[in-house]
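Asker: Dropping a structure here in structure tokens format, bear with me for questions.
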Amino acid sequence: MLFVSDCFHCGASLRDGEQRICSACWNSVTPVRSGDHTLSVLQQRFSGSGTIDGLDAICYFEKGKLLQSIAHALKYQEVTSLGYALGCRLGEIVRYRTVDLIIPVPLNKRKERERGYNQSDWIGKGIADVTGWALRADIVRRRRYTVTQTHLNAQERLENIADAFEIVHPSSVTGRSVLIVDDIITTGATIQEVAAILRNAGASTVYVAAAGLAKLGEDG
Ligand SMILES: [Zn+2]
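Under the numbering used here, think of the first position of the sequence shown as 35, with each following residue one higher.
Okay, here's the thing in structure tokens:
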């Protein structure tokens, strides 16, 4: 494996304990803070669904900023170590929770075949290594191909994603506290669908962790 000693984003030399991304670059992002408009809207949406107990994220997804270049790299190159670095950062943020199982949002099989990996699995692996919680990428899977959601609004996304997932081992989540992991949350429709099937399978608590949140407009 190649030893990478420079920051992915700015090229600065990394110091001990820094993985792929330097502290200065992490400090340049807009952190997600309680009371933020986007966070409040998502929290309301999630608690209103009755299936999600909490949401954590590192920062906002902004044009030209760190997370956009990471997301681009994750999509178009095989940069699994970046997903892992995001997971380590996110793990530090969510470790105050009590969680049994980390469950990455699965890509559909076609996309996973095209890319050869699921970036949420790598984010989950980073979280697992920081927290010691079990990573279970085998519990939830895509049932069918869903159309791309880019041009759909929140309601259309919920309809598009309905029944898109299934649980392979329902008994393994019964009575457990689970953490759903995604790379970037936009409307949260996908997350709500995954949360609903986990709750139906008897998960006692369902938390959500994402590397980034897409900023919502004032109209939500
Ligand atoms: Zn940097």
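Note that CB positions come from ideal geometry on N, CA and C, so glycine has one too.
The model shown is predicted, which means the values in this text are computed figures rather than measured ones.
(1) For the beta strand (DSSP E) that contains V164, what are its first and last residues?
(2) Note down, in chain order, each residue of its chain lying with its Cβ closer than 6 Å to the Cβ of V128, except the 5 sequence neighbours on either side.
(3) Looking only at its chain, what residues have a beta carbon closer than 6 Å to the beta carbon of T239, apart from the 5 residues adjacent to it on each side?
(4) Could you check whether D70 and Q153 sit closer than 7 Å to each other, using their CB atoms as the reference points?
(5) Can you tell me where the alpha helix (DSSP H) with F95 in it begins and where it stops?
(6) Looking at the secondary structure, which residues open and close the beta strand (DSSP E) in which A46 lies?
(7) Where does T224 sit, in a helix, a strand or coil, going by DSSP?
(8) Just the C-alpha distance for I137 and G158, rounded to the nearest angstrom, thanks.
(9) Is the stretch 76-87 touching the stretch 103-123 in the sense that three or more CB pairs, one from each, lie closer than 8 Å?
(10) Thinking just about the alpha-carbon of each residue, which of L48, G222, D134 and K97 is nearest to the one in S83?
(11) Would you say the beta carbon of C44 is closer than 6 Å to some non-hydrogen atom of ligand 2?
(12) Let me know the secondary structure DSSP gives T72 once reduced to three states.
(13) Could you name the residues of the same chain whose beta carbon sits closer than 7 Å to that of L48, not counting the 5 residues immediately before and after it, in chain order?
(14) Does M35 pass the burial test, meaning 16 or more other C-beta atoms within 10 Å, or should it be called exposed?
(15) Per the DSSP calculation, R175 is bridged to which residue(s)?
(16) Keeping to the same chain, check which residues put their C-beta closer than 8 Å to that of A229; ignore five residues upstream and five downstream.
(17) Just to check, is the beta-carbon of C59 closer than 6 Å to a non-hydrogen atom of ligand 1?
(18) Kindly indicate the opening and closing residues of the alpha helix (DSSP H) around L101.
(19) With 7 Å as the threshold, decide whether the Cβ of T208 is near any Cβ in chain E.
(20) Put A168 into one of helix, strand or coil per three-state DSSP.
(21) Can you name the start and end residues of the alpha helix (DSSP H) that G246 belongs to?
(22) From what residue to what residue does the beta strand (DSSP E) around H219 run?
Answerer: Per the coordinate set shown:
(1) Looking at the DSSP string, V164 is not in any beta strand (DSSP E); the run it does join, the alpha helix (DSSP H), is Q153 to T165.
(2) Within the same chain, V128 has close Cβ partners D90 and A243.
(3) Around T239: D87 and S211.
(4) No, they are not a contact pair.
(5) No alpha helix (DSSP H) holds F95; the beta strand (DSSP E) holding it covers G88 to F95.
(6) Under the DSSP assignment, A46 falls outside any beta strand (DSSP E); it carries neither an H nor an E label.
(7) T224 falls in the helix class under three-state DSSP.
(8) Their Cα atoms are separated by approximately 7 Å.
(9) The stretch 103-123 vs the stretch 76-87: no contact.
(10) Ranked by Cα distance from S83, the options L48, G222, D134 and K97 are led by G222.
(11) Looking at this structure, you won't find ligand 2 anywhere; what it does contain is ligand 1.
(12) T72 falls in the helix class under three-state DSSP.
(13) Excluding residues within five positions, the ones whose Cβ falls inside 7 Å are S39, D40, C41 and C56.
(14) Because M35 carries a pLDDT of 45, less than 50, the predicted location of this residue cannot be relied on, and the following value inherits that uncertainty. Exposed: under 16 other Cβ atoms inside 10 Å.
(15) Beta-bridge partners of R175 (DSSP): E200.
(16) By the criterion of a C-beta distance shorter than 8 Å, A229 is surrounded in its chain by F80, S83, T85, I86, I214, V240 and V242, once the five residues flanking it on both sides are discounted.
(17) Yes, ligand 1 has a heavy atom inside 6 Å of this Cβ.
(18) Unbroken alpha helix (DSSP H) run through L101: L100 to Y110.
(19) The structure shown contains no chain E; it holds only a single protein chain.
(20) Looking at A168 - three-state DSSP - the assignment turns out to be strand.
(21) For G246, no alpha helix (DSSP H) encloses it; the enclosing beta strand (DSSP E) starts and ends at T239 to A248.
(22) Rather than His, the amino acid found at residue 219 in this sequence is Ile. That run of the beta strand (DSSP E) goes S211 to I219.
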